[in-house]
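Notes follow the structure.
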Amino acid sequence: MKKIILTGDRPTGHLHIGHFVGSLKNRLLLQEKGGYDEFYIMIADAQALTDNFGNVQKVRDNVFQVMLDYLAVGLDPNKVTFFIQSEVSELTEFTFYYMNLVTLARLERNPTVKEELRQKDFEKNIPMGFLTYPVSQTADITAFNATIVPVGDDQLPMIEQAREIVRAFNNLYGETLVEPKAMLPENENAFRLVGTDGKAKMSKSLNNCIFLSDSPNEIKDKVFNMYTDPNHIHVTDPGKVEGNTVFTYLDVFLRPGDFEKYLPEYKSLDELKDHYRRGGLGDMKIKKFLNSILQDILAPIRARREELEKNPDKVFEILEKGTEKARKVAYKNLIKLKTAMGINYFN
Ligand code: TRP
153 MKKIILTGDR
163 PTGHLHIGHF
173 VGSLKNRLLL
183 QEKGGYDEFY
193 IMIADAQALT
203 DNFGNVQKVR
213 DNVFQVMLDY
223 LAVGLDPNKV
233 TFFIQSEVSE
243 LTEFTFYYMN
253 LVTLARLERN
263 PTVKEELRQK
273 DFEKNIPMGF
283 LTYPVSQTAD
293 ITAFNATIVP
303 VGDDQLPMIE
313 QAREIVRAFN
323 NLYGETLVEP
333 KAMLPENENA
343 FRLVGTDGKA
353 KMSKSLNNCI
363 FLSDSPNEIK
373 DKVFNMYTDP
383 NHIHVTDPGK
393 VEGNTVFTYL
403 DVFLRPGDFE
413 KYLPEYKSLD
423 ELKDHYRRGG
433 LGDMKIKKFL
443 NSILQDILAP
453 IRARREELEK
463 NPDKVFEILE
473 KGTEKARKVA
483 YKNLIKLKTA
493 MGINYFN
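Here this note's numbering is used: the first residue of the sequence shown is 153, the next is one more, and so on.
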């Protein structure tokens, strides 16, 4: 069986360091490892519209911003096909046929959708487009015969939904589609990177993000205002490491050589944590350390991003080429789908 990877993001904002450790790094790893037949990354603008239909401009602007983020972290158009969801109209046709294979009750049970509905206060007036986006996501995946879908754990219900639709389709119309598998990031700490406020997952709507596009000053301000241990008031007080955002980030972002370079009086993170727990280590010192590390990691990404931003035509050209390729594949697979269903009248 071919190894076809497909994943994507909703373009509703710039990507942040939570995306970086939670999904982008994983994609870079896959890209470098190779050994796949095809690798698609889709900018899910149509899906983003299901809860931003009144704000098309925002979605449109962020198609470009997200693409800048992809390229800036090192995703390579020679190894990955990037495309825009709404420009592959075959996807809506897939969605239409899959709608028959899902019940309303099943969609309402989807835990991710449920949670989103709760957050958005849609409860009484749920737009159909929003409720059915898992069906359209099944289309995204199956239109390319994707076998592997790298996602965060909040997307597992979407993959499960896709697998159910695939099974239902194959049962009714004969073996046509392949069941995709989710692929979770390896580093569990990075699964859902906590926001700078320490409260919840990093998320634009919560205003607790460090963006890949942030300036050195923005990064510094955000790190210096980070949530630590509210009871660690005086330097001499014993401090808590668990739930302390600075230490959570150090767990995720520390690289070999960082102590030698920026904090040579310590040998390891364990030693730093022990000192903090005992008391006598101030928040400013650990924040400065984290800031140096994040500045190092983000500087080259920001530089590449700024370079690319000057050349939007080139960026859109990559998207256009990728989209053309994606269209061809989706069209071919749509014909297969319709043939399996018996709705191919003219050939
Ligand atoms: N639902 C995904 C998100 O919110 C985006 C997405 C749309 C996607 N279609 C997909 C992810 C297909 C993986 C595969 O981030």
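Every residue, glycine too, gets a C-beta built ideally from N, C-alpha and C.
If you're wondering where the values come from, they're calculated on a predicted model, not measured in any experiment.
Pick from the options: whose alpha carbon is nearest that of residue i?
i, options, result
"Ser238", "Tyr418, Pro390, Glu267, Ala198", "Ala198"
"Phe376", "Val346, Leu253, Met335, Leu442", "Leu442"
"Arg162", "Lys425, Asp221, Ile445", "Asp221"
"Gln217", "Val232, Arg454, Thr202", "Arg454"
"Ile449", "Arg319, Leu364, Gly494, Asp189", "Leu364"
"Arg261", "Val318, Asn323, Met310", "Met310"
"Arg457", "Gly206, Val225, Phe172, Leu182", "Val225"
"Asn204", "Ile293, Gly474, Leu227, Lys272", "Lys272"
"Lys231", "Val393, Thr264, Arg258, Gly186", "Gly186"
"Phe405", "Lys177, Glu312, Lys155", "Lys177"
"Glu312", "Leu415, Gln289, Asn297", "Gln289"
"Val481", "Phe235, Leu227, Leu402", "Phe235"
"Glu245", "Asn499, Lys490, Lys419", "Lys490"
"Phe172", "Thr328, Gly494, Asn297, Tyr401", "Tyr401"
"Leu167", "Gly432, Lys356, Asp422, Lys372", "Lys356"
"Asp349", "Ile362, His427, Pro337", "Ile362"
"Val318", "Asn252, Glu370, Asn207, Arg179", "Asn252"
"Val467", "Val215, His384, Leu308, Ile169", "Val215"
"Ala471", "Lys276, Leu227, Gly432", "A small fix is needed here, since residue 471 is Leu in this sequence, not Ala. It is Leu227 whose Cα lies nearest to the Cα of Leu471."
"Tyr188", "Thr233, Leu358, Phe411", "Thr233"
"Arg179", "Val387, Gly206, Leu223", "Leu223"
In this structure, does DSSP put residue i in helix, strand or coil?
i, result
"Ile317", "helix"
"Ile385", "coil"
"Asp161", "strand"
"Glu346", "The question names Glu, but residue 346 in the sequence shown is Val. Three-state result, Val346: strand."
"Glu394", "coil"
"Ile156", "strand"
"Lys276", "coil"
"Phe498", "coil"
"Phe205", "coil"
"Leu489", "helix"
"Arg430", "helix"
"Ser420", "coil"
"Asn463", "coil"
"Ala482", "helix"
"Thr400", "helix"
"Asp228", "coil"
"Thr380", "coil"
"Thr290", "helix"
"Tyr188", "coil"
"Glu327", "coil"
"Arg212", "helix"
"Glu338", "coil"
"Gly409", "coil"
Is the beta carbon of residue i sitting closer than 9 Å to the one on residue j?
i, j, result
"Tyr192", "Ala478", "yes"
"Met335", "Val287", "no"
"Pro368", "Gln447", "yes"
"Tyr379", "Lys351", "yes"
"Met153", "Val346", "no"
"Val254", "Ala295", "no"
"Arg407", "Gly174", "no"
"Asp366", "Lys353", "no"
"Asn396", "Asp381", "yes"
"Gly160", "Ile195", "yes"
"Leu201", "Gly304", "no"
"Pro464", "Arg430", "no"
"Asp435", "Val393", "no"
"Asp306", "Leu158", "no"
"Leu283", "Leu256", "yes"
"Tyr414", "Lys439", "no"
"Lys473", "Pro263", "no"
"Thr475", "Val240", "yes"
"Ile156", "Glu184", "no"
"Leu424", "Leu433", "yes"
"Asn499", "Asn297", "no"
"Thr328", "Lys462", "no"
Bridge partners of residue i, per DSSP?
i, result
"Lys333", "Ile300"
"Phe234", "Ile193"
"Phe282", "According to DSSP, Phe282 bridges with nothing at all."
"His171", "His171 is not bridged to any residue."
"Lys353", "Val346"
"Phe363", "His168"
Item to check | Complete runs of the alpha helix (DSSP H) confined to the region 238-274 [at least 4 residues] | outcome: Secondary structure in the region 238-274: the alpha helix (DSSP H) runs of 4 residues or longer, each lying completely within the stretch, are 242-250, 256-261, 263-272 in chain order.
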